[in-house]
Structure formats: C-alpha cells, structure tokens
Amino acid sequence: MIGALIIVFREVLEAALVIGIVGAAVKGVPRRGVLIGTGVAIGVIVAALVASGIDVVSGFAHGTGQALFEAGVLTVAGLMLAWHNLWVAEHGREMAARLKTLGTAVTAGQEPATMLVVVTALAVMREGSEVSLFLYGIAASGVNDMQVLIGGLLGVAAGVTVGYTLFAGLSRIPIKSLFRVSGVIILFIASGMLSRGAAFLVQAGYLPPLIPGVWNTSWLVPGGSVFGRSLEALVGYTPAPSLMQVLVWIGALTIIGVPMLVKSGRLRLPAAGAVMLAIMTLVLIVGVFVGAQAYAADYKVYSPTVVKGETELEMRAFNSWGAGPLSGARQAVKFAAGHTFTHWWATEVYAEAEKEPSESLKLEDFEWENRFQLTPQGKYWADVGLINENEIPRYANDPYRISIGPSLAKDFGRISARLNLLVAHEYGTHARHGIELDYRARIQYRWRRELSPIVEAYGEPVGWTGLYGPSRQQLGMGLVGQFTTEPGKDLRYGLVALYGTTTAASRETLVARLEYEFF
252 MIGALIIVFR
262 EVLEAALVIG
272 IVGAAVKGVP
282 RRGVLIGTGV
292 AIGVIVAALV
302 ASGIDVVSGF
312 AHGTGQALFE
322 AGVLTVAGLM
332 LAWHNLWVAE
342 HGREMAARLK
352 TLGTAVTAGQ
362 EPATMLVVVT
372 ALAVMREGSE
382 VSLFLYGIAA
392 SGVNDMQVLI
402 GGLLGVAAGV
412 TVGYTLFAGL
422 SRIPIKSLFR
432 VSGVIILFIA
442 SGMLSRGAAF
452 LVQAGYLPPL
462 IPGVWNTSWL
472 VPGGSVFGRS
482 LEALVGYTPA
492 PSLMQVLVWI
502 GALTIIGVPM
512 LVKSGRLRLP
522 AAGAVMLAIM
532 TLVLIVGVFV
542 GAQAYAADYK
552 VYSPTVVKGE
562 TELEMRAFNS
572 WGAGPLSGAR
582 QAVKFAAGHT
592 FTHWWATEVY
602 AEAEKEPSES
612 LKLEDFEWEN
622 RFQLTPQGKY
632 WADVGLINEN
642 EIPRYANDPY
652 RISIGPSLAK
662 DFGRISARLN
672 LLVAHEYGTH
682 ARHGIELDYR
692 ARIQYRWRRE
702 LSPIVEAYGE
712 PVGWTGLYGP
722 SRQQLGMGLV
732 GQFTTEPGKD
742 LRYGLVALYG
752 TTTAASRETL
762 VARLEYEFF
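For the sequence shown, our numbering begins at 252 and goes up steadily by one.
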C-alpha cells in the first residue's frame, strides 16, 4: 500500500503542479473550472484507454512504445504552453484590463481556453498512463489488489491537495502581476517538457545523447524524491541529463523566452535578436560538433523569389543514422554568406565540414550557389526560378559536382508549396559516370510568423535511371519561424525530422537551420 501511495502521489503531484499553475495563469477566464474539469475528464479517459492496452503500448515500435508516447505528449504540451505564453505576452495587458472591467468577456478568454483544456488533458493523460504502468507492475509482483487500490486513492487525495493549495495561493495574486509571474513559471515548465520529451526519444534510440550524463546531482536532489519530481514538473529537472536534453532545454528557453520579452516590451528588438542569435548559434554548434555523426545532402528547399540588397548569414547542421537507431551515424555542418545583387540574382558561398563514422571532423568542400528569379512573384500560376550549385572539393582525389534545375513555388491560401528539381553531374578524379536526379519539396501551413508546421521530402530517384544505384527517399515534419530583430533584420530558424522511406536512405535525419538576413 505504501508503494502505491508514494507512486500515485508523485505522479498526481506532477500533474497537479502543472494544472494548478496554468489554471491560475488564466485567472478570470470564463468557465475556468469547467475547462479544467473537461481537460481532466479527457485525460482520465485516454489514460484509462492506455491502461487497458498496456501490453500493446509497451510493445509498440520494438518495445519503445511507452517512451514514444511520453515524448509525444510532452512535446505537444510544451508547444501548447509556449503558444499560450507568446499570446499572453502580446495580449496580457489588454486581457487584464478587459477582465477587470468586463469580468466575463469571452473574447478575452478564447485563446487561453483552448490551451487550458489541451494542457490539462495532456498532463492527466501522461501521469495517468504512468500510474497505470507502475500499479500494473506492483500488482504483478503479488501485492494485494485492495492494498494497491487504497494506496492509490490516498496518493490521489494527497497530490490533489498539494496542487489545489498551490492553485489557491497563485489565484490570490492580482491579475497583472499574475500574468508576469505565471509567464516565467510556464516558460520553465514548457522548456522542461520539451527537454524531457527529447530525453524519452534518446531513451527509445531515436535521438543521440551526444554525451550521456553531463553531470549527476542525484546526491543533492534524488530524481525519485518528492522534491525531485516537483522540480521535474516545474523545470524539467533530471539528475543526470544527456547533452541533447540540455541543448533542447536551452534552445526552448531561448526560442520561447526572447519573443516573450519582445512582445511584452521588456526587451528591445535589436537586443532580442542578438541574444537569440548568440544562444541558438551556441546550441547548434555544440550539438553538431560533439556528436559522432555526417551526411552530405543539401537539406533545404529554396524559394524562387530573391530580394535585391539582402545579405544572409546561415548555418545548417544535420545528423543522420543508418539502418538502426544510432547505428552508422554521420554528421555535417555548413556555414554560408550570401548577397542578392539584383532583383533576379542571389549568390552564396558555403564551407562544409563532415564527420563520418570512426573519423574526425574535417573540412570537406566548398560550394558556390546561384539562384535566379525567372518570373515576377505572383504574376503567373506559379513562381519559377533556377538553381545552380557548384561543389569544389578540398582534396584533389575527390570529384567536382555541378547541379542545375528549376525551383517552383505556389500559394494556396495559408498553404505554401515549394519544389526544387535538380540534375547533377560529377567530373574530375573518381567522378561517377552519368547523371543524378534530385528533388526537394516542402509544404508549409503559415499558422504564425514565428511558428509554422511544415512537411518536407528529399530524394534521389536514381533507381529509376539505374545510373547511380538504388533510390534514396526521405520524408518528415518540422517547424519553421521568423523573428524581426529590428526593421530590415530578420532571424529565421527551421527544425526538421526526416525518416527514410527506402532501404538505401538513412533511417532518421535531424536537420537544424539558422539564418540571419539584413539589408
């Protein structure tokens, strides 16, 4: 009974902390209690369904189903909280004024209402499924079912009591101050959720740890203690985190926190851009150079449109894994500088470093890229451009490579589609004969300027020509966004997870892009 009580109390406490803080953050929103109750009910129902299929969930994806489930729930919840914080940072003052004067203004509570239901449901669903798994293990070990039930009920009561106490205390804070206080707390909760989601993907073998156990603070705050679990819920605390987990936490804190400060007026745009660029560059560099991974593909879908006078600094990094998780891992990073000299021509120069398995990181080649805009934007059914890429090897025994082909773009309301079709040929020492066909495609839903989901596909359908061997195809999803640091200066980012759809392609590839554009 004691074991069940402790386990259930810790899990319920973790959910109650999240729900209590988020619930207090939307103080004054109409029907707040109903929304929280709805989220709890949905979470309980889904957790019950998970409990009824424990064996199926645990056995999914070669035994990594539970870790993938946890990672998915934490990632979605973290993104929802990030969305809420950005919305409140922009509309918090207006919302506080409306709640003070109108009380029941439904329009002021529209965005927080959606967030509240979803986050509550996800918190209950995740912790409920964990409770089911833990209690299942206790019961399977021969403990009396009644003792498990009594211990579980006592644990629920204790966890709810602590959570409600926190909720009641936060609810006493004035609305204006509450938005500021809860925003900071939710920022850390969201970053912690995304970081723990990455930890579960590392556990399942779908992300590299980079360094497994950067430090170990279990001697100070054990992860299984009540205080440790509370810190886990509030900031994503892990006694011995991997470097991947640390980098995701820092990256999430930056991507969410800096725009919050900008939208709330507490950070000027030029300073915000400098802070975000510096921190995200550090995260990408560390993540790229520490791992033992390389793949010499160009994971970017270009637009046919160019902007005269624009200068661009870019960093692009990608990791790929072979036939199994973390096997045959390779890595590459590109740095580039470019400028658009006319209204129809943009040029860019790249330097690429690669790290093959069992080899050290080294500079491999350079690339001169040219993009030409052939049609005025929006004049015809689709925008058309031309891409030319010229790879120059660093070593004399490597071949040169030239690629050329059209770039197409078409908008359908909020949906934007891009397609690049390239023909490549090698010449020089050790060059392969024939041609290679490459395609790159992207579909983007323009949800927010700062955050939009995308689907990308890359492939070399060389199996159709038979010149270079079997076909290599990859498909995946990701996120892109853009922030204006000051007039005429923009920071763009992109994160994509690709999965091989043919046996010749890398099984998983993670792509990170960071661009700074200015005039």
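C-beta atoms are modelled at their ideal positions from N, C-alpha and C, and glycine is treated no differently.
Only counting the same chain, and skipping five residues up and downstream in sequence, which positions put a Cβ closer than 6 Å to that of S446?
G487, Q496, V499, W500
To which residues does DSSP link V747 through a beta bridge?
G729, V762
Excluding the 5 residues preceding and the 5 following A633 in the sequence, name in chain order all residues of the same chain whose CB lies nearer than 7 Å to its CB.
L659, A660, K661
For a quick check, are the C-beta atoms of P555 and V635 less than 8 Å apart?
Contact: yes.
Would you list the residues sitting across from K606 in a DSSP beta bridge?
Q582
E711 in three-state terms, based on DSSP:
strand
Have a look at G289 and G329 and give me their C-alpha separation to the nearest angstrom.
Looking at the sequence itself, residue 289 is Thr, so the reference to Gly does not match. Taking the straight line from one Cα to the other gives about 19 Å.
Given this structure, state the Cα-to-Cα distance separating A647 from D616, to the nearest angstrom.
11 Å
Using three-state DSSP, classify V635 as helix, strand or coil.
Of the three classes helix, strand and coil, the one that applies to V635 here is strand, per DSSP.
Three or more C-beta pairs closer than 8 Å, one from the stretch 402 to 412 and one from the stretch 471 to 486: is that the case here?
no
Excluding five sequence neighbours on each side, which residues of the same chain lie with their C-beta closer than 7 Å to the C-beta of G679?
P650, Y651
How should Y601 be labelled, buried or exposed, when 16 other C-beta atoms within 10 angstroms of its C-beta is the threshold for buried?
buried
Start and end of the beta strand (DSSP E) containing N621?
Note, N621: beta strand (DSSP E), 613 to 624.
Express the C-alpha separation of H590 and R697 in angstroms, rounding to a whole number.
26 Å
I need the boundaries of the beta strand (DSSP E) containing G656, first residue and last residue.
651 to 663
Separation of F569 from L765, as counted between CA atoms:
Their backbone Cα atoms lie some 12 Å apart in a straight line.
Which full runs of the alpha helix (DSSP H) of 4+ residues lie inside the stretch 440 to 501, going along the chain?
Runs found: 477 to 486.
According to DSSP, simplified to helix, strand and coil, what is I666?
strand
Can at least three beta-carbon pairs, one atom from the stretch 550 to 565 and one from the stretch 689 to 709, be found at a separation below 8 Å?
yes
Just mark P510 as buried or exposed, buried being the case when its beta carbon has 16 or more other beta carbons within 10 Å.
buried
Between the C-alpha atoms of N671 and W470, what's the straight-line distance to the nearest angstrom?
54 Å
For L286 and V368, which I take to be in contact (beta-carbon distance under 8 Å), what is that distance rounded to the nearest angstrom?
5 Å
Distance, E618 Cα to H676 Cα:
14 Å
Own chain partners of L718 with C-beta closer than 6 Å, once the 5 adjacent residues on each side are dropped:
Note that L718 scores a pLDDT of 49, beneath 50, so its modelled location is shaky; the value from the coordinates is reported in the next line. Excluding residues within five positions, the ones whose Cβ falls inside 6 Å are G685.
Buried or exposed: which applies to V731, given that a residue is buried once 16 or more other Cβ atoms fall within 10 Å of its Cβ?
buried
Between G656 and F770, what straight-line distance do the alpha-carbon atoms span, to the nearest angstrom?
28 Å
So L726 packs on A708, CB below 8 Å; how close in whole Å?
5 Å
Do G474 and P490 have their C-beta atoms closer together than 8 Å?
yes
Are the CB atoms of T760 and L746 within a distance shorter than 8 Å?
no
DSSP state of L319, grouped into three classes?
helix
Please identify the residue among A455, I506, Y415, A450 whose C-alpha is closest to the C-alpha of R743.
I506
Using a Cβ-Cβ cut-off of 6 Å (strictly less than) and excluding sequence neighbours within five positions of A322, which residues of its own chain qualify?
Around A322: G448, F451, L452.
Could you name the residues of the same chain whose beta carbon sits closer than 8 Å to that of H681, not counting the 5 residues immediately before and after it, in chain order?
N648, D649, P650
Output the distance between the C-alpha atoms of S654 and S442, rounded to the nearest integer angstrom.
41 Å
Return the chain-ordered list of same chain residues with a C-beta closer than 7 Å to the C-beta of L614, the five sequence neighbours on each side being excluded.
A602, A604, R645
Could you give the first and the last residue of the continuous beta strand (DSSP E) run that contains A692?
Per DSSP, A692 belongs to the beta strand (DSSP E) from 687 to 696.
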